[in-house]
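Visitor: Below are the structure tokens for one structure; questions will follow.
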Amino acid sequence: MFEMKSIQQQALDLRRENVKLRIELDKTTADVEYIAMMTDVELDTDNDEMGEDNNDEQ
Numbered sequence: 038m039f040e041m042k043s044i045q046q047q048a049l050d051l052r053r054e055n056v057k058l059r060i061e062l063d064k065t066t067a068d069v070e071y072i073a074m075m076t077d078v079e080l081d082t083d084n085d086e087m088g089e090d091n092n093d094e095q
């Protein structure tokens, strides 16, 4: 029914999922930027958001 996981295993699983989601977000962002470039659409950019991403990767 339920699998018991240790705290360390849960943390490891969450880190793996986080990496997977960051990769997916990067790909989606690149796709949106490419479509915007090809259709001559200007995107609003918030430099604050980019700074937050870099602080999380320690």
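As numbered in the working numbering, residues 38 to 95 make up the sequence shown, in order.
All residues carry an ideal CB built from backbone N, CA and C; glycine is no exception.
Model, not experiment: these values are computed from the prediction.
#1: State the CB to CB distance for the pair Leu62 and Ala73, rounded to an integer number of angstroms; the pair is presumed to be in contact (CB under 8 Å).
#2: Have a look at Met38 and Ala67 and give me their C-alpha separation to the nearest angstrom.
#3: Could you give the distance in angstroms between the alpha-carbon of Val54 and the alpha-carbon of Ala48?
#4: Tell me the residue span of the alpha helix (DSSP H) that contains Met74.
Guide: Result, derived from the coordinates:
#1: Not really, about 16 Å apart at Cβ, beyond 8 Å.
#2: In this structure, the alpha-carbon of Met38 lies about 40 Å from that of Ala67.
#3: Looking at the sequence shown, residue 54 is not Val but Glu. Take the alpha-carbon of Glu54 and the one of Ala48: they are about 10 Å apart.
#4: From DSSP, the alpha helix (DSSP H) with Met74 extends over 44–75.
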